Each structure stands twice: as C-alpha cells, then as structure tokens.
DNA sequence: CCTTGCCTTGAAGTACACATGAAGGTTTAA
DNA sequence: TTAAACCTTCATGTGTACTTCAAGGCAAGG
C-alpha cells in the first residue's frame with residue numbers, strides 16, 4: 380500500500396510516517412521501482428506501536444533507543460537488560476503518576492455532582508461510594524488541590 | 380518562602396513557576412513589600428497539582444480551562460463534569476497504552492535472560508512466570524511489535 | 001562602597017515533533 | 001497532452017512549553 384493508504388489506516392499523517400522512518404522509529408520501508416514507499420502490515424504494526432508509545436508520553440529519542448535495543452541481534456544482553464530495565468522504570472513511574480491523576484479526577488467527579496443532572500440512581504451511587512471512601516475523603520484537602 | 384525555595388521544594392524551575400502564574404495555572408501569588416513573590420503551601424500544592432497533570436499529558440490550555448472552571452464560583456458543574464470526563468478518558472487511554480508497553484517490555488525482559496547473570500532463583504522465577512503466561516505468549520507476534 | 005545573591009519584568013531564544021511548501025517525477029483518465 | 005492525484009526529497013515554518021538573557025532593584029557581609 381502507498382503512504383496515503385497507510386496514513387488513513389493508522390491515523391498517522393504521511394509526513395509523520397516519513398519522519399518516523401527518518402528517525403528510525405520504524406524500519407526502512409521498501410520502495411517500488413519508481414521510488415515510492417510500499418508499506419506492508421509489518422510497518423503498519425510498527426507505526427501503531429509508535430503511536431501507542433507516543434500517546435503514552437514516550438519521547439522520540441527514548442522510543443528510538445528502546446526500538447534499537449528491541450531489534451538488536453547481537454548478544455549484548457547485559458547492556459540491553461540494563462537499558463530496558465531503566466526504560467521500564469521510567470514507564471512504570473509515569474503510569475503511576477497517571478494513575479494518581481486519574482484517581483484524583485475520579486474523586487473529584489464523584490464528589491461534586493450536578494444538581495441539575497443527577498438522577499436518583501446516580502445520587503444513590505454517589506452516596507454509596509461516599510460511605511465506602513470516608514477515609515479517603517478525610518485526606519481531601521482544603522482547596523481541592525491536594 | 381521565596382521562589383527559589385519553592386522551586387527546590389517542587390522540582391519546578393523558578394521560570395516555570397512564573398510562567399504558570401502568568402498563564403493562570405496557579406493563582407496570583409502574594410508579594411512582599413518590595414515585590415518579590417511570597418509562596419505559601421497553598422501555592423505549593425497547586426504547583427504540584429499542575430506538575431502531576433502536565434506529567435499525565437494535560438496541555439497548559441486544557442489545564443487552565445479546568446482550573447478556571449474549578450475556581451469559578453458560578454454553578455458551572457455541568458461543564459466541569461464534561462471537561463473532567465473528557466480528560467479522564469484521555470488519561471485512562473494513556474495509562475492503558477503505557478501498561479501495554481510495560482507488559483510488552485516485561486515480556487521481552489523475561490524472555491531474553493542473560494546467561495552471565497542469571498542466578499538459579501531468577502531462572503526458576505522466569506520459568507514459573509513463563510508457565511503462567513503461556514496464553515499471553517501464544518499471542519506474541521512475529522516481530523514482537525504487536 | 002562594593003560584591004554576592006537573591007529577586008523583578010519583558011523579550012528573545014530553544015527543543016521537540018511534526019506540518020507545510022517548493023520543485024519535480026510517475027501514472028491514470030479525459 | 002494536459003490535468004489530476006498520487007509520490008519523492010529537502011528546506012523551512014509552526015505551536016507548545018518552557019529557558020535564557022538583559023537590565024535593573026533590594027539587602028547583607030566584608
């Protein structure tokens with residue numbers, strides 16, 4: 380498939396696909412005799428992988444290092460393991476930050492209900508949760524920003 | 380406390396704190412008689428909140444909108460809820476992407492062990508996990524990129 | 001009095017991750 | 001054969017989120 384089709388399939392712009400190839404986030408793409416990119420499913424999968432990691436907040440630079448390690452054939456496993464573990468720690472910390480922020484937003488959402496919209500059922504649900512999370516609520520701060 | 384102390388306390392640069400104030404991500408900061416910022420714990424909490432949301436991928440623009448709604452006295456809870464839910468969805472997707480990446484990386488780490496370093500215990504742990512995750516492994520793709 | 005070290009504002013510079021534009025090549029369709 | 005609709009590379013532009021710089025003020029120590 381050509382780059383436009385790949386773009387439509389992945390939701391990544393043609394320019395971004397070219398950029399990813401240039402930055403080695405995806406492998407070198409085969410060309411047709413006239414020089415156009417001919418993109419197969421393996422590339423599509425890689426583009427989707429890049430999208431996922433980017434969406435999760437990984438920088439191009441880190442992502443390239445990660446993929447280099449992933450693709451490496453040589454048996455430099457010691458360094459690879461070290462770098463992968465480092466990367467893993469970064470990602471786990473980010474995930475935990477994200478989870479903390481999600482918890483915060485959920486708390487907020489559940490504890491400021493809209494009088495205009497709340498149905499009986501919603502109110503009951505809120506009250507139930509409120510009862511369950513008293514200790515959590517106790518920790519809630521003065522101004523709502525921790 | 381002065382801006383430098385606040386910076387050290389939060390890990391956010393002085394310039395960034397000034398920037399956040401200018402962009403209304405944190406409230407206007409009180410000044411000493413000579414005009415220097417005098418930062419209290421309420422501001423510190425807000426800075427930390429901003430840091431967390433930024434780290435979670437919220438843009439300055441969205442964050443400002445969110446905080447404006449938050450601080451508003453009018454009963455605009457309907458909009459607030461909408462904005463919160465929107466942001467929550469974004470963050471949950473990011474978290475799931477990150478988790479997928481973490482799983483991916485853990486899989487990689489566990490299946491290319493270093494002959495030079497593995498202890499008996501580590502090997503047993505890997506084998507155990509391997510046995511537990513057969514179905515997951517079955518789904519592992521050709522090139523490892525989904 | 002002068003240096004050190006903090007602070008201020010405002011303007012300008014920087015890094016990242018693309019987006020856009022210029023100049024040109026190929027293929028299909030009227 | 002001429003236009004449309006793709007494509008290529010290379011260069012330059014853009015938005016975001018700061019960072020850095022310039023010019024200067026205030027307070028303490030030597």
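Chains as they are written, first to last, in my numbering: chain A, 380 to 525; chain B, 380 to 525.
For every residue, glycine included, the Cβ atom is placed at its ideal position computed from N, Cα and C.
Keep in mind it's a predicted model, so treat the numbers as computed, not measured.
Rounded to the nearest angstrom, what separates residue i and residue j at their Cα positions?
i: residue 493/B; j: residue 461/A; result: In this prediction, residue 493/B scores a pLDDT of 44, lower than 50, which makes its location untrustworthy; no coordinate-derived value is stated.
i: residue 482/A; j: residue 430/A; result: 25 Å
i: residue 393/A; j: residue 400/A; result: 11 Å
i: residue 449/B; j: residue 405/A; result: 42 Å
i: residue 523/A; j: residue 476/B; result: 28 Å
i: residue 485/A; j: residue 471/A; result: 21 Å
i: residue 489/B; j: residue 463/A; result: 11 Å
i: residue 459/B; j: residue 413/A; result: 54 Å
i: residue 534/A; j: residue 487/B; result: The structure shown does not extend to residue 534/A, since chain A spans only 380 to 525, so no value can be given for it.
i: residue 445/A; j: residue 456/B; result: 43 Å
i: residue 383/B; j: residue 447/A; result: 40 Å
i: residue 415/A; j: residue 381/A; result: 7 Å
i: residue 439/B; j: residue 391/B; result: 15 Å
Mind checking whether residue i and residue j have CB atoms under 8 Å apart?
i: residue 433/B; j: residue 402/B; result: no
i: residue 427/B; j: residue 474/A; result: no
How close, in whole Å, do the beta carbons of residue i and residue j come, if the pair is a contact with beta carbons under 8 Å?
i: residue 410/B; j: residue 419/B; result: No, residue 410/B and residue 419/B are not in contact; Cβ-Cβ is about 12 Å, not under 8 Å.
i: residue 435/B; j: residue 468/A; result: Not really, about 18 Å apart at Cβ, beyond 8 Å.
i: residue 441/A; j: residue 466/A; result: 7 Å
i: residue 388/A; j: residue 423/A; result: 6 Å
i: residue 385/B; j: residue 396/B; result: 6 Å
Name the one or two DSSP bridge partners that residue i has.
i: residue 416/B; result: 410/B
- Message: Any C-beta of chain B within less than 8 Å: which residues of the stretch 408-439 of chain A qualify?
- Response: So the list reads 421, 424, 425, 427, 428, 431, 432, 434, 435, 436 and 437, given in the order they occur along the chain.
- Item | Positions along the stretch 464-479 of chain A whose CB lies within less than 8 Å of some CB in chain B | Listed by position along the chain: 464, 466, 467, 470, 471, 473, 474, 476, 477, 478 and 479.
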